[in-house]
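Here is the structure we will look at.
Number of protein chains: 2
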Amino acid sequence: MGRESRNTATRRGFLKSGLAAGGALGAAGMANAAGAAGSAEIKVEPWMQELGPGVDAAPYGTPSPFESSVRRRNVEWLTADPVSSVNFTPIHELDGIITPNGLCFERHHAGVAEIDPAAHRLMINGLVDKPLIFTMDDLKRFPRENHVYFLECAANSGMEWRGAQLNGCQFTHGMIHNVMYTGIPLRLLLEEAGVKPNGKWLLPEGADASAMTRSVPMEKALDDCLVAFKMNGEALRPEQGYPLRLVVPGWEGNMWVKWLRRIEVGDKPWHQREETSKYTDLLDSGTARRFTWEMDAKSVITNPSPQAPLNHTKGQTVLTGIAWSGRGTIPRVDVTLDGGKNWHKARMSGPSLSKSMHRFYFEFDWDGKPLLLQSRAHDSTGYVQPTKKALREIRGVNSIYHNNGIQTWHVNEKGEAENVEVS
Amino acid sequence: MGRESRNTATRRGFLKSGLAAGGALGAAGMANAAGAAGSAEIKVEPWMQELGPGVDAAPYGTPSPFESSVRRRNVEWLTADPVSSVNFTPIHELDGIITPNGLCFERHHAGVAEIDPAAHRLMINGLVDKPLIFTMDDLKRFPRENHVYFLECAANSGMEWRGAQLNGCQFTHGMIHNVMYTGIPLRLLLEEAGVKPNGKWLLPEGADASAMTRSVPMEKALDDCLVAFKMNGEALRPEQGYPLRLVVPGWEGNMWVKWLRRIEVGDKPWHQREETSKYTDLLDSGTARRFTWEMDAKSVITNPSPQAPLNHTKGQTVLTGIAWSGRGTIPRVDVTLDGGKNWHKARMSGPSLSKSMHRFYFEFDWDGKPLLLQSRAHDSTGYVQPTKKALREIRGVNSIYHNNGIQTWHVNEKGEAENVEVS
């Protein structure tokens, strides 16, 4: 936070070059001065003269009708049935680092469990001294913490392994959201039950009809997992696990079991469907990487991008995007306008929190020629986001999961962007 | 952030005293063991067996129907007409520090201006070298910053000056919200226009039918004001100024002009209605304090509170609340269970950001006897939240604005809370 951009953006005359903005007022009144390229003018609009809707017109507010295109979207050919499907966060429409709850992408395996919280229970059983069943009221008597964490599906960008497929960062990178969770450290609930010495793994289970289960090592559970009941201040949304979800910071989203109803303690992993036939990374050798839980550092330019073209053809331009790492913070992002020939350090703005989304900006004076845009994240461990080429050399092109390669957008003279591959 | 509560909450057997929670599982199966006071049991529910709605059931998501009581509320007798009225954030239903956009309190003077962003303009005129008119597209070519700030109406808690009036923190303290803004430093737009040497004050003006105007000193504008277009990642909500609002961090909400259409630069304040007959603080002497912009440090316990009773009658209990200061951060909050005889240091959890809401907790083993709950915020300047008595000794009881006195809730043996005064 703070006033980090004081020095990078204090120059007066910011728009003097390539001015399409800020029409100067003529001495005679409201009309733009001759010579200014901008079309800005001021009219008396109805909303300046008429009373609008009063308070409580909607006790729970909704976005402006002019923002109706800001919505989650699926890719129809991707899945056979919406109950076992995904949609995508419109990251090209957002800024800052908080994802509004109504726009957090969905991934369900048996649709949304519509749970009555009064009937919901969380059981802890297996290798514990005292098996326990908690009501929601019980859980709210345990100490809570608040943390902002990104949640990324391991399959985010998965369709890009073999080349540029989808024309929009919503679809290539939109299986991510970033919210503030309020939850109970899982460690406290495990301590209450008393884990036996041979209890080394957990099996969280969802209360939806798919009974989603994943094996989670005890070390992670005791480190930073939360049993969360709020997101961005309010109750979890139904499609995000209401009333209870497991938060597994920095690790792949599939492990963040929604509608959490049970946590079994065991002495070894369970080898469930979602960690054998799914969520493993098939290599060229025919073997598969397993238990690749941690999300590597990654970034993407959200504006401009195929769904968000530039509305001008030269001059002062703002490029922005998001970056994140399952290992910590993102102290630095580089961007290139020419496909990697020259890299520039981006400006970060907003809180830098561990395992949270970060926001970067790069302002430049566009000469109107085509651009090849890329971003490259550095995380707090020193890891640098790789090229897709480097990833493919090691992992081949058969995987679906854990593609954190550098993304490229081509921007033409009209400001239109498309998803391209650079060698 | 981080793992701040490791040491305060690691003890096993957390609920052993006064156990009403976490029914132990009998060896025979799911039924609670005899002797456990909890009523928790597990049944097979419909949502565990049936497919729920698929993705995109609602492209923009909404809360669970079980959360329908979590909503903004007005106080009917308070204002004559909803177009010039207020409603209140349900702070007793929230946790963490982010207020969801749909729950941010409303305060309108001529209803909600329903603005087409393509038609919206921002003019900067008056004592500037180059008067300017910006479209929304123009503004998005300036550098942006992201900051979490609280917005509190100066009249928040105003009805409490003469004593306990309203039974619920939503009504006594709910004219506050806390979101992440994305906006352009106002300084950059003023530099673009070129402020003349005698330009010392600004008059931001709203595009609603009330044409809200307030005088803002140049020093504040150049310090940290933003011209914001996003809140919590997405476009401002209509009732929060869509498509553009002034953000005046730490200062009273009335100055955060919504539907911002014009900023005039002048050499002295304008003495508008909203800074003379309103938003001044009438003292016992018959004179009034003016230009009391900065919001003093304040806190309130949100749970338990009159709208949010305790659901148990003794044993382990979580108390939580919010604190904020217009001058910086909140490094410390104290709480008392006995009306101020004994004070305890609360546990803070969540990011500590300047001029942002902070969240505090205090966990205690309730003996079941009545409680007199209070909280007291300390801010980063060393200022300590005063008692109402101390405030009244200096300012009398005629004011409406800037009541940051310590709030008291009485909790009875049933766990029910009410708004009371302590001498």
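Those protein sequence lines, which keep their order, are chains A and B. Numbering of the first sequence is given in my numbering, commencing with residue 1 and proceeding in unit increments. Numbering of the second sequence is given in my numbering, commencing with residue 1 and proceeding in unit increments. Cβ coordinates follow ideal geometry from the N, Cα and C atoms, glycine included. Keep in mind that this is a model prediction, so the values were computed, not measured.
1) Here's the rule I'm using: 16 or more other beta-carbon atoms within 10 Å means buried, otherwise exposed. How should B/Ser-69 be labelled?
2) When the Cα of A/Val-265 is compared with those of A/Asn-311, A/Pro-143 and A/Leu-190, which residue comes out closest?
3) Among B/Ser-64, B/Gly-54 and B/Val-83, which residue has its Cα nearest to the Cα of A/Glu-54?
4) Across which residues does DSSP place A/Asp-73 in a beta bridge pair?
5) To the nearest angstrom, how far is the alpha carbon of B/Ile-322 from that of B/Val-300?
6) Please work out which residues of its chain come closer than 6 Å, Cβ to Cβ, to B/Lys-389, disregarding the five sequence neighbours upstream and downstream, and give them in chain order.
7) Which same chain residues, not among the five before or five after A/Thr-213, have their C-beta less than 6 Å away from its C-beta?
8) The alpha helix (DSSP H) spanning A/Thr-172 covers which residue range?
9) Whose C-alpha, out of B/Ser-356, B/Met-357 and B/Ile-330, is nearest the C-alpha of B/Lys-345?
10) If you count every other CB in all the chains shown that lies within 10 Å of the CB of A/Ile-394, and 16 or more means buried, which is it?
11) Taking Cβ positions only, does B/Lys-196 come closer than 7 Å to chain A?
12) DSSP state of A/Asn-254, grouped into three classes?
13) Tell me the DSSP secondary structure of B/Val-179 in three-state form.
14) If we call anything under 7 Å between Cβ atoms a contact, is A/His-120 one with A/Pro-243?
15) Taking DSSP as the reference, what is the three-state secondary structure of B/Pro-238?
16) So B/Ala-417 is in the beta strand (DSSP E); what residue range does that whole segment cover?
17) Hey, how far is the Cα of B/Gly-111 from the Cα of A/Gly-52?
18) Tell whether a beta-carbon distance below 7 Å holds between B/Pro-269 and B/Ser-215.
19) Which of the three DSSP states is assigned to A/Ile-322 in this structure?
20) Please report the distance separating the alpha-carbon of A/Glu-50 from that of B/Asp-208.
21) CB of A/Arg-273 to nearest heavy atom of the ligand MN: below 6 Å?
22) Identify the contact partners of B/Gln-49 in chain A, using a Cβ-Cβ distance below 8 Å as the criterion.
23) Just the C-alpha distance for A/Ile-97 and A/Trp-161, rounded to the nearest angstrom, thanks.
24) Go ahead and pull the three-state DSSP assignment for B/Val-44.
25) Taking just the CA atoms, how far does A/Asn-146 sit from A/Asp-137?
26) Rounded to whole angstroms, what is the Cα-Cα separation between A/Val-502 and A/Gln-307?
27) Identify whether B/Asn-404 lies in helix, strand or coil by the three-state DSSP scheme.
28) Take B/Asp-224 and list the residues in its own chain whose beta-carbon comes closer than 6 Å to its own, dropping the five residues that flank it on each side.
29) Once DSSP output is grouped into helix, strand and coil, what is the label at B/Lys-314?
30) Write down every uninterrupted run of the alpha helix (DSSP H) in the stretch 313-400 of chain A whose length is 4 residues or greater and which is fully enclosed by it, in chain order.
31) What would DSSP say about A/Phe-66, mapped onto helix, strand or coil?
32) How long is the line joining the alpha carbons of A/Leu-186 and A/Leu-222, rounded to whole angstroms?
33) Identify every run of the beta strand (DSSP E) within the stretch 93-145 of chain B, keeping only runs that are complete inside it and at least 3 residues long; order them along the chain.
34) Determine the direct distance from the alpha carbon of A/Leu-353 to that of B/Met-148, and round the result to whole angstroms.
35) Just checking, does the stretch 371-387 of chain A make contact with the stretch 250-264 of chain A on the three C-beta pairs under 8 Å criterion?
36) Could you tell me whether the Cβ atoms of A/Gly-194 and A/Asp-129 are closer together than 7 Å?
With the structure as the only source:
1) As a working note, residue 69 of chain B is residue 69 in the second sequence. With fewer than 16 Cβ atoms within 10 Å of its Cβ, B/Ser-69 is classed as exposed.
2) Stepping through the first sequence from its first residue, residue 265 of chain A is reached at position 265. It is A/Leu-190.
3) Translated into the one-based positions of the first sequence, residue 54 of chain A becomes position 54. Here residue 54 of chain A turns out to be Gly, not Glu, going by the sequence shown. The residue with the shortest Cα to Cα distance from A/Gly-54 is B/Val-83.
4) To locate residue 73 of chain A, count along the first sequence from 1; it is residue 73. The sequence as given places Arg at residue 73 of chain A; Asp does not occur at that position. In DSSP, A/Arg-73 forms a bridge with A/Phe-88.
5) Position 322 of the second sequence, counted from the first residue, corresponds to residue 322 of chain B. Position 300 of the second sequence, counted from the first residue, corresponds to residue 300 of chain B. For B/Ile-322 and B/Val-300, the distance between alpha carbons rounds to 6 Å.
6) As a first step, residue 389 of chain B must be located in the second sequence, where it is residue number 389. None.
7) Mapped onto the first sequence, residue 213 of chain A falls at position 213. Answer for A/Thr-213: Leu-203, Glu-205 and Gln-272, listed in chain order.
8) Indexing the first sequence from 1 puts residue 172 of chain A at position 172. First-last of the alpha helix (DSSP H) with A/Thr-172: 169-173.
9) Position 345 of the second sequence, counted from the first residue, corresponds to residue 345 of chain B. Answer by Cα proximity: B/Ile-330.
10) Locating residue 394 of chain A in the first sequence gives position 394, where the first residue counts as 1. Per the 10 Å Cβ criterion, exposed.
11) The residue you call residue 196 of chain B lines up with position 196 of the second sequence. Chain A, which has no Cβ nearer than 7 Å to the Cβ of B/Lys-196, makes this no.
12) What you label residue 254 of chain A is simply residue 254 of the first sequence in a count that begins at 1. The answer is helix: DSSP assigns A/Asn-254 an H, G or I state.
13) Taking the second sequence and counting its residues from 1, the one referred to as residue 179 of chain B is at position 179. Looking at B/Val-179 - three-state DSSP - the assignment turns out to be strand.
14) Start at 1 with the first residue of the first sequence, and residue 120 of chain A comes out as number 120. Start at 1 with the first residue of the first sequence, and residue 243 of chain A comes out as number 243. Yes; because the gap between Cβ atoms is below 7 Å, this pair is in contact.
15) Residue mapping note: residue 238 of chain B aligns to position 238 of the second sequence, counting from 1. Helix at B/Pro-238.
16) Residue 417 of chain B sits at position 417 when you count from the first residue of the second sequence. Per DSSP, B/Ala-417 belongs to the beta strand (DSSP E) from 417-420.
17) In the second sequence, the residue the question calls residue 111 of chain B occupies position 111. In the first sequence, the residue the question calls residue 52 of chain A occupies position 52. Roughly 4 Å between the two C-alpha positions.
18) Stepping through the second sequence from its first residue, residue 269 of chain B is reached at position 269. Stepping through the second sequence from its first residue, residue 215 of chain B is reached at position 215. Yes, Cβ-Cβ distance for B/Pro-269 and B/Ser-215 is below 7 Å.
19) As a working mapping, residue 322 of chain A is identified with position 322 in the first sequence. Reduced to three states, the DSSP call for A/Ile-322 is strand.
20) Here the question's residue 50 of chain A lines up with position 50 in the first sequence. Here the question's residue 208 of chain B lines up with position 208 in the second sequence. Their backbone Cα atoms lie some 8 Å apart in a straight line.
21) Of ligands this structure carries none, so the ligand MN is not represented either.
22) Counting from one through the second sequence, the residue named residue 49 of chain B turns up at place 49. Ordered by position in chain A, the residues that pass the 8 Å Cβ test against B/Gln-49 are Ala-209.
23) Counting from one through the first sequence, the residue named residue 97 of chain A turns up at place 97. Counting from one through the first sequence, the residue named residue 161 of chain A turns up at place 161. Between A/Ile-97 and A/Trp-161, the C-alpha separation is close to 26 Å.
24) Stepping through the second sequence from its first residue, residue 44 of chain B is reached at position 44. B/Val-44: coil per DSSP, three-state reduction.
25) Start at 1 with the first residue of the first sequence, and residue 137 of chain A comes out as number 137. Start at 1 with the first residue of the first sequence, and residue 146 of chain A comes out as number 146. Approximately 18 Å, taken between the alpha carbons.
26) The displayed coordinates of chain A run from 1 to 423. Any statement about residue 502 of chain A would go beyond what the structure contains.
27) As a working mapping, residue 404 of chain B is identified with position 404 in the second sequence. DSSP places B/Asn-404 in coil when its eight states are reduced to three.
28) Stepping through the second sequence from its first residue, residue 224 of chain B is reached at position 224. Within the same chain, B/Asp-224 has close Cβ partners Pro-249.
29) Here residue 314 of chain B corresponds to residue number 314 of the second sequence, with the count starting at 1. Reduced to three states, the DSSP call for B/Lys-314 is coil.
30) 388-395
31) Position 66 of the first sequence, counting from 1, holds the residue named residue 66 of chain A. Three-state DSSP puts A/Phe-66 in a helix.
32) Here residue 186 of chain A corresponds to residue number 186 of the first sequence, with the count starting at 1. Here residue 222 of chain A corresponds to residue number 222 of the first sequence, with the count starting at 1. Cα-Cα distance, rounded: 7 Å.
33) 122-126 and 132-134
34) Counting from 1 along the second sequence, the entry for residue 148 of chain B is found at position 148. Counting from 1 along the first sequence, the entry for residue 353 of chain A is found at position 353. The residue you asked about is not Met; residue 148 of chain B is Val in the sequence shown. C-alpha separation (whole angstroms): 13 Å.
35) No: the two stretches stay apart, fewer than three of their Cβ pairs being nearer than 8 Å.
36) On the first sequence, position 194 is the one that residue 194 of chain A refers to. On the first sequence, position 129 is the one that residue 129 of chain A refers to. Cβ distance < 7 Å, so A/Gly-194 and A/Asp-129 count as in contact.
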